[in-house]
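These notes are about the structure you will find just below.
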Amino acid sequence: MSDKYTGKAQDRRYTGDDVDITFSLKRCIHARECVNRLSEVFDVEKRPWINPDGASADEIATVVRSCPSGALHYDRKDGGEAEPTPETNRFILWQDGPVQVIGDLSITGATVDIAEETRATLCRCGASEQKPFCDNSHKKIDFVAEPFESNKAPDPEADVSGKMTLTPFANGPVGVEGNFQIEDADGNVLYKGTKTALCRCGHSSSKPFCDGTHHSIDFQAD
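At position 104 of the sequence shown (counting the first as 1) the number is 147 in our numbering, and the numbers step up by one without a gap.
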């Protein structure tokens with residue numbers, strides 16, 4: 044097995060008649076979309092806690108796609124539709140929390156190499172032990188991220204589709220290449236671009252963007 048995390052192929056697989064469900068503990072941020080919306084399939088009081096035969100494949104697919112971290116994925120075996128690739132690449136800034144990413148993604152760095160992904164939550168507090176992914180450490184350190192305010196309105200006609208590559212740089216930010224937009228937690232579009240670097244040390248004065256502060260604080264991350 045590769046030393047790098049390569050996505051659902053390395054995740055635990057729960058096998059059902061019509062659909063298989065894969066789960067990554069290292070990516071789960073306990074958003075509880077699954078257990079709250081489909082307890083017949085996802086029940087943390089049971090072992091195993093995932094029962095892929097507890098609901099229809101369509102119901103399971105809908106709920107799995109609501110998992111913001113990408114900890115859950117599914118493989119249909121009934122001829123049903125696979126998870127569609129989002130038409131829009133979006134970064135959603137959670138208040139004092141991670142950045143949720145939705146889009147046509149690849150994530151490549153020292154510890155991760157995912158060629159195809161649609162969902163992820165990336166650490167931006169600097170404290171996660173599962174970098175580049177969030178593990179809820181922002182709650183333990185009382186991370187605060189000031190609201191981002193742009194001095195320029197995003198171009199409503201700018202293309203935010205297509206393949207997007209995320210590169211966690213060693214001891215530095217997450218590089219982004221591809222068309223994208225950044226939104227606040229309420230869905231307001233704050234910024235659109237094609238290339239940037241996002242802070243992941245937690246100390247930039249220009250959050251969500253990197254301003255080089257990781258150098259002065261000796262930030263360490265693979």
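Backbone N, C-alpha and C define an ideal beta-carbon position, used for all residues, glycine too. Bear in mind the structure is a predicted one, so any value in this text is a computation, not a measurement.
- In this structure Ile260 is in contact with Cys244, their Cβ atoms being roughly 6 Å apart against a cut-off of 8 Å.
- Judged by DSSP in its simplified three-state form, His73 adopts coil rather than helix or strand.
- Closest in C-alpha terms to Gly221, from the list Lys238, Leu233 and Asn194, comes Lys238.
- As summarised for the stretch 97 to 148, the continuous beta strand (DSSP E) elements at least 3 residues long and confined to that stretch are 115 to 119 and 133 to 136, given in chain order.
- Pro175 is positioned such that its CB atom lies closer than 9 Å to that of Gly152.
- At a Cβ-Cβ threshold of 9 Å, Val106 and Phe134 do not count as neighbours.
- In this model, Val87 and Asp96 are separated by some 16 Å (Cα to Cα).
- Per DSSP, the unbroken beta strand (DSSP E) holding Lys235 starts and ends at Val232 to Leu241.
- By a beta-carbon distance limit of 8 Å, Leu148 contacts Ala163. Their separation comes to about 7 Å.
- When Asp198, Asn179 and Leu241 are compared, the shortest CA-CA separation from Leu68 is found for Asn179.
- Beta bridge pairing from DSSP links Lys206 with Asp147.
- Residues Ala188 and Cys242 of the same chain have their beta carbon placed closer than 6 Å to that of Lys250, with the five preceding and five following residues left out of the count.
- Rounded to the nearest angstrom, the gap between the Cα atoms of Gln263 and Gly230 is 32 Å.
- Here Asp265 has Gly152, Ala153, Thr154, Lys174, Pro211 and Ala213 as same chain residues with Cβ atoms under 8 Å from its own Cβ, once five neighbours each way along the sequence are excluded.
- Asp156 is positioned such that its CB atom lies no closer than 9 Å to that of Lys51.
- Here the alpha carbons of Arg90 and Leu136 stand approximately 34 Å from one another.
- By the neighbour-count definition (other C-beta atoms within 10 Å, threshold 16), Pro216 is a buried residue.
- Under DSSP, Thr256 forms no beta bridge with any residue.
- Under the three-state reduction of DSSP output, Ala52 falls in the helix class.
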